[in-house]
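Beneath this line is the structure, given in structure tokens, with notes to follow.
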Amino acid sequence: MDLAIRNPVTWIVYCAIYVVSFAGLAAFLWINLEPPHPANLIDYLAKVSGGAIGVALFATLSWEVIRAMVILAPMLRKWLEERARQEGEERANQRWEAWLQRRNEAEANNQHFDEPPPSEAQ
Numbered sequence: 084m085d086l087a088i089r090n091p092v093t094w095i096v097y098c099a100i101y102v103v104s105f106a107g108l109a110a111f112l113w114i115n116l117e118p119p120h121p122a123n124l125i126d127y128l129a130k131v132s133g134g135a136i137g138v139a140l141f142a143t144l145s146w147e148v149i150r151a152m153v154i155l156a157p158m159l160r161k162w163l164e165e166r167a168r169q170e171g172e173e174r175a176n177q178r179w180e181a182w183l184q185r186r187n188e189a190e191a192n193n194q195h196f197d198e199p200p201p202s203e204a205q
């Protein structure tokens with residue numbers, strides 16, 4: 084799917100997931116660990132940012148996979164049904180062709196042919 088076609092709200096939601104993840108991880112680590120020394124603040128923010136990116140990426144990919152499954156499942160079902168219908172028609176045509184060949188051979192050999200057509204045999 085082309086990225087330019089995406090609804091802007093989708094991008095806003097993805098960004099909001101990142102921001103909420105960042106804020107949540109920062110608060111969680113700040114409360115549960117001792118606050119970082121000012122000299123280690125950049126390292127702390129880098130770790131929080133990396134964790135937030137991971138959480139946001141996981142949430143985004145999960146959403147996109149579920150979305151793709153919801154969109155593709157009916158298309159796949161339709162394709163499988165169409166394929167099964169075509170295979171059924173091919174088998175029916177093969178039965179008719181075989182029956183016609185047997186009938187033509189019997190007529191060519193002046194033999195009696197009393198086999199019912201495939202449509203009546205079922």
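Residue numbers for the sequence shown follow the numbering used here, so the first one is 84 and each next one is one higher.
Each residue gets a CB set at the ideal place from its N, CA and C atoms; glycine is no exception.
First through last residue of the alpha helix (DSSP H) which encompasses residue i
i, result
"Asp-197", "Segment: none, Asp-197 is in no alpha helix (DSSP H) and carries neither H nor E."
"Leu-108", "91-115"
Burial state of residue i (16 or more Cβ within 10 Å)
i, result
"Ala-139", "buried"
"Ser-104", "buried"
Within 9 Å, strictly: CB atoms of residue i and residue j
i, j, result
"Ile-136", "Tyr-101", "yes"
"Glu-190", "Phe-196", "yes"
"Lys-130", "Leu-159", "no"
"Trp-182", "Glu-172", "no"
"Arg-178", "Pro-201", "yes"
Close-in-space but distant-in-sequence residues of the same chain around residue i (CB under 6 Å, 5 per side omitted)
i, result
"Glu-127", "According to the sequence shown, residue 127 is Tyr rather than Glu. Correct list, in chain order: Pro-119."
Cut-off 7 Å between Cβ atoms - residues of its own chain near residue i, not counting five sequence neighbours on either side
i, result
"Leu-108", "Val-131, Gly-134, Ala-135"
Proximity test, residue i beta-carbon vs the ligand FMN heavy atom, cut-off 8 Å
i, result
"Tyr-97", "Because no ligand of any kind appears in the structure shown, any question about the ligand FMN cannot be addressed here."
Runs of beta strand (DSSP E) lying entirely within the segment 151-180, each at least 3 residues, in chain order: none
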